[in-house]
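Student: Residue numbers (full-length UniProt numbering), protein chains in the order written: chain A, 1 to 256; chain B, 1 to 256.
All residues carry an ideal CB built from backbone N, CA and C; glycine is no exception.
All values reported here derive from a predicted model rather than from experimental measurement.
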DNA sequence: ACATTGACTTTGTCGGACAAAGGGACAAGC
DNA sequence: GCTTGTCCCTTTGTCCGACAAAGTCAATGT
């Protein structure tokens, strides 16, 4: 039942709402429409494209979802820069559904976090270091609260990524981080010395950033990540387990 | 006109189409609905949720866009695993709009590609090496065709990432790769020895994979990426330029 | 000057409608 | 036996018109 010869390309007919979405997307990607610009009311778009409002609204859902368009507080439509967080959480969801293993997660987080530590040491400014210190102070006070500590750990690494001033790296590490660091809760719950080692590592990392010492930052991040792995295994878990759907919660509803 | 006291949380009213989308999303994320399962017709969903078809259709656009649901060849709705490629290209678009610089791109691609080379050396199997060899044969024959060579280079690195058998890494490197490697065209156009050095580096990488030599793979990848940077600068470009929108083409319409 | 009112606009949702495309069953033709 | 044409039914893509809720804005009254 297979086509005898694959001579022709699949002919693809684009539906109206797709065409509308594409048109607006091109307008934004080309720079003719800039983030913050008003896209116009639904009625106006209907008139311009000569389609029904239902069609326009479907196109808007597509654009809204890809982050190119946003509803303002006044409910009007504005062109917008896609937010990182939305993208990251969707990738994390995809990783869960693909049932990637903790080993894959760990190996990837390892290189990304070490790189982040190095680049952060080179580029961190006082403002971001202050935020890291604030995080650290809270973490030191929360060593007996696994859930809170885990949340602070996730935040610490996000701040560290921001300190790199490398938005590509910041975005690249986020999906893995979103799945990886929440497991900290499980580890500090099962491994007594886990919390102490965590805040100690964070301490050394902050100090390395302050000193602008990339090598030291990389070293302590390396230990920090190695600790995670040891803790994970001592908690009786297997690296080759797939990441559970349980983490979908923390991904679907980002921690406020 | 600020609220006197912030006693209450912002009450957020979710629109019907959002609720419908969320409900279906939860069904899929929880595993109750598995990829490939039919989601049902629009009419059926209307009946189940007790909303209008327009509302259901808007919800479907949202889910379709996030890749959780797909239209089959028969136009029916099926639950689906989000494809990597769709996600990657959207991130690349976001990076373009945020006007990230080539420096950020380079620094990130560097660590990700080196990690990919190492892990590929440890995990590559014969099948994927055969694909890399095929790519290499084409590249050697296309040294005078910058556009084609650039496309093959992008593909080479994608294959290398697949060889790692680490899907998290594979996905993490893709967005940067999608923007990074197309510049190869510009470089081999301006730098005479560029093409030769590129195929030579790929050759050494394949050999390292065959030998399972992670250190050697990392070394040659490191040189390969350093070459890119040298070529980029010799082509008269500045690393601190933002990535141009020009590349939107190659991102929006993935190379088939 | 400022709060209130009321008209106007825009969005979110609904109901119903129809053409086009695909699927399935069944008969006709080679 | 296999393909082809035909009819019917389902489903999707699109359109039209409608209305309540919420926001905007300008005129109003004090």
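DSSP puts residue 69 of chain B in a beta bridge; with which residues?
Tutor: Along the second chain, one-based indexing puts residue 69 of chain B at 69. Beta-bridge pairing links residue 69 of chain B to B:79.
Student: In angstroms with no decimal places, state the Cα-to-Cα distance between residue 120 of chain B and residue 112 of chain B.
Tutor: In the second chain, counting from the first residue as 1, residue 120 of chain B sits at position 120. In the second chain, counting from the first residue as 1, residue 112 of chain B sits at position 112. So the two alpha carbons sit approximately 12 Å from each other.
Student: Go through its chain and collect everything with a Cβ distance to residue 245 of chain B's Cβ below 8 Å, but skip five positions before and after it.
Tutor: By 1-based counting over the second chain, the position of residue 245 of chain B is 245. Answer for residue 245 of chain B: 96, listed in chain order.
Student: May I ask you to list, following chain order, the residues of the segment 94 to 107 of chain B that have a beta carbon less than 7 Å from some beta carbon of chain A?
Tutor: From the segment 94 to 107 of chain B, only 94, 95, 97, 98, 100, 104, 105, 107 have a Cβ closer than 7 Å to chain A.
Student: Determine the closest residue to residue 122 of chain A out of A:83, A:165, A:185, A:108, with distance taken between C-alpha atoms.
Tutor: The residue given as residue 122 of chain A occupies position 122 in the first chain. The residue with the shortest Cα to Cα distance from residue 122 of chain A is A:165.
Student: Hey, would you say residue 223 of chain A sits closer than 9 Å to residue 201 of chain A, going by beta carbons?
Tutor: By one-based count along the first chain, residue 223 of chain A stands at place 223. By one-based count along the first chain, residue 201 of chain A stands at place 201. Yes, the Cβ-Cβ distance between residue 223 of chain A and residue 201 of chain A is below 9 Å.
Student: Which same chain residues end up closer than 8 Å to residue 129 of chain A when comparing Cβ atoms and leaving out the 5 residues on each side of it in sequence?
Tutor: Locating residue 129 of chain A in the first chain gives position 129, where the first residue counts as 1. The residues are 163, 206, 209, 210.
Student: Report back the beta-carbon spacing between residue 174 of chain B and residue 66 of chain B to the nearest angstrom; my notes put them in contact at under 8 Å.
Tutor: Working through the second chain from its first residue, we reach residue 174 of chain B at position 174. Working through the second chain from its first residue, we reach residue 66 of chain B at position 66. Actually they do not touch by this definition, with Cβ atoms about 17 Å apart.
Student: Please determine if the segment 27 to 47 of chain B and the segment 47 to 59 of chain A are in contact, where contact requires at least 3 C-beta pairs separated by less than 8 Å.
Tutor: Flag = no, the segment 27 to 47 of chain B and the segment 47 to 59 of chain A do not touch.
Student: Quick check on residue 11 of chain A: buried or exposed, where buried means 16 or more other Cβ atoms within 10 Å of its Cβ?
Tutor: In the first chain, residue 11 of chain A corresponds to position 11, counting from 1. Residue 11 of chain A is exposed by the Cβ-count criterion.
Student: Does any C-beta atom of chain B lie closer than 9 Å to the C-beta of residue 172 of chain A?
Tutor: Start at 1 with the first residue of the first chain, and residue 172 of chain A comes out as number 172. Yes, because at least one Cβ of chain B sits closer than 9 Å to the Cβ of residue 172 of chain A.
Student: Go ahead and label residue 90 of chain B buried or exposed: buried means 16 or more other beta carbons lie within 10 angstroms of its beta carbon, across all protein chains shown.
Tutor: Against the second chain, residue 90 of chain B aligns to sequence position 90. With 16 or more other Cβ atoms within 10 Å, it is buried.
Student: In the DSSP assignment, the alpha helix (DSSP H) including residue 108 of chain A goes from what residue to what residue?
Tutor: Here residue 108 of chain A refers to the residue found at position 108 when the first chain is read from its first residue. Residue 108 of chain A -> alpha helix (DSSP H) spans 102 to 123.
Student: Give the DSSP-derived three-state secondary structure of residue 242 of chain A in the structure shown.
Tutor: Numbered from 1 along the first chain, position 242 holds the residue referred to as residue 242 of chain A. DSSP places residue 242 of chain A in strand when its eight states are reduced to three.
Student: Taking the alpha-carbon positions, what's the residue 1 of chain A to residue 158 of chain A distance?
Tutor: By one-based count along the first chain, residue 1 of chain A stands at place 1. By one-based count along the first chain, residue 158 of chain A stands at place 158. For residue 1 of chain A, the predicted model reports a pLDDT of 39, less than 50, meaning its position is unreliable and no value from the coordinates is stated.
Student: Take the Cβ of residue 47 of chain B as the centre, count every other Cβ of all protein chains shown within 10 Å, and call the residue buried at 16 or more, exposed below.
Tutor: By 1-based counting over the second chain, the position of residue 47 of chain B is 47. With fewer than 16 Cβ atoms within 10 Å of its Cβ, residue 47 of chain B is classed as exposed.
Student: Between the alpha carbons of residue 171 of chain A and residue 219 of chain A, how many angstroms are there, rounded?
Tutor: Here residue 171 of chain A refers to the residue found at position 171 when the first chain is read from its first residue. Here residue 219 of chain A refers to the residue found at position 219 when the first chain is read from its first residue. Distance between the alpha carbons of residue 171 of chain A and residue 219 of chain A is about 22 Å.
Student: CB of residue 100 of chain A to nearest heavy atom of the ligand GDP: below 8 Å?
Tutor: This structure lacks the ligand GDP, and indeed carries no ligand of any kind.
Student: Would you please verify whether the beta carbon of residue 29 of chain B is less than 9 Å from any beta carbon of chain A?
Tutor: Position 29 of the second chain holds residue 29 of chain B. Yes, residue 29 of chain B lies at the interface with chain A (some Cβ there is under 9 Å from its Cβ).
Student: Taking a contact to mean a Cβ-Cβ separation below 9 Å, would you say residue 186 of chain A touches residue 237 of chain A in this structure?
Tutor: Reading the first chain from its first residue, position 186 is the one you call residue 186 of chain A. Reading the first chain from its first residue, position 237 is the one you call residue 237 of chain A. Contact flag set, yes.
Student: Is residue 64 of chain A closer than 9 Å to residue 71 of chain A when the C-beta atoms are compared?
Tutor: Along the first chain, read from residue 1 onward, the residue named residue 71 of chain A stands at position 71. Along the first chain, read from residue 1 onward, the residue named residue 64 of chain A stands at position 64. Result yes, Cβ atoms of residue 71 of chain A and residue 64 of chain A sit closer than 9 Å.
Student: So residue 154 of chain A is in the alpha helix (DSSP H); what residue range does that whole segment cover?
Tutor: Taking the first residue of the first chain as position 1, residue 154 of chain A is located at position 154. Per DSSP, residue 154 of chain A belongs to the alpha helix (DSSP H) from 146 to 163.
Student: Going by DSSP in three states, residue 54 of chain B sits in which element: helix, strand or coil?
Tutor: Your numbering for residue 54 of chain B matches position 54 in the second chain. Three-state result, residue 54 of chain B: helix.
Student: Residues in the same chain with beta-carbon distance under 7 Å from residue 58 of chain A, minus the five sequence neighbours each way, listed in chain order, please.
Tutor: Within the first chain, residue 58 of chain A is the residue found at index 58, counting from 1. Cβ neighbours of residue 58 of chain A beyond the five flanking positions: 17.
Student: Determine whether the beta carbon atoms of residue 167 of chain B and residue 84 of chain B lie at a separation below 9 Å.
Tutor: As a first step, residue 167 of chain B is located in the second chain; it is residue number 167 there, counting from the start. As a first step, residue 84 of chain B is located in the second chain; it is residue number 84 there, counting from the start. Taking 9 Å as the Cβ cut-off, residue 167 of chain B and residue 84 of chain B qualify as a contacting pair.
Student: Quick check on DSSP: helix, strand or coil for residue 92 of chain A?
Tutor: Along the first chain, one-based indexing puts residue 92 of chain A at 92. Reduced to three states, the DSSP call for residue 92 of chain A is helix.
Student: With a cut-off of 8 Å on the beta carbons, I'd call residue 152 of chain A and residue 138 of chain A a contact; round off their distance for me.
Tutor: Within the first chain, the letter at position 152 stands for residue 152 of chain A. Within the first chain, the letter at position 138 stands for residue 138 of chain A. Going by Cβ atoms, the distance from residue 152 of chain A to residue 138 of chain A rounds to 6 Å, so yes, they are a contact pair.
Student: Quick one: what does DSSP say residue 85 of chain B is sitting in, helix, strand or coil?
Tutor: For the purposes of this step, residue 85 of chain B is identified with residue 85 of the second chain, where counting begins at 1. Of the three classes helix, strand and coil, the one that applies to residue 85 of chain B here is helix, per DSSP.
Student: Classify residue 176 of chain A as buried or exposed, calling it buried when 16 or more other Cβ atoms lie within 10 Å of its own Cβ.
Tutor: Reading the first chain from its first residue, position 176 is the one you call residue 176 of chain A. Buried: at least 16 other Cβ atoms inside 10 Å.
Student: I want to see whether chain A comes within less than 9 Å of residue 67 of chain B, judged by CB atoms only; does it?
Tutor: Locating residue 67 of chain B in the second chain gives position 67, where the first residue counts as 1. It does; some Cβ of chain A falls within 9 Å.
Student: Pull up the distance between the alpha-carbon of residue 189 of chain A and that of residue 146 of chain A, whole angstroms please.
Tutor: Residue mapping note: residue 189 of chain A aligns to position 189 of the first chain, counting from 1. Residue mapping note: residue 146 of chain A aligns to position 146 of the first chain, counting from 1. Approximately 6 Å between the Cα atoms of the pair.
Student: State the DSSP-derived secondary structure class of residue 222 of chain B, mapped to helix, strand or coil.
Tutor: As a working mapping, residue 222 of chain B is identified with position 222 in the second chain. Note: residue 222 of chain B maps to helix in three-state DSSP.
Student: May I ask you to list, following chain order, the residues of the segment 144 to 164 of chain B that have a beta carbon less than 9 Å from some beta carbon of chain A?
Tutor: Within the segment 144 to 164 of chain B, the residues whose Cβ lies closer than 9 Å to some Cβ of chain A are 164, listed in chain order.
Student: 9 Å is my cut-off, CB to CB: does residue 109 of chain A come that close to chain B?
Tutor: Numbered from its first residue, the first chain carries residue 109 of chain A at position 109. Yes, its Cβ sits closer than 9 Å to a Cβ of chain B.
Student: Give the range of the alpha helix (DSSP H) segment to which residue 143 of chain B is assigned.
Tutor: The residue you call residue 143 of chain B lines up with position 143 of the second chain. Here residue 143 of chain B belongs to no alpha helix (DSSP H), and DSSP marks it neither H nor E.
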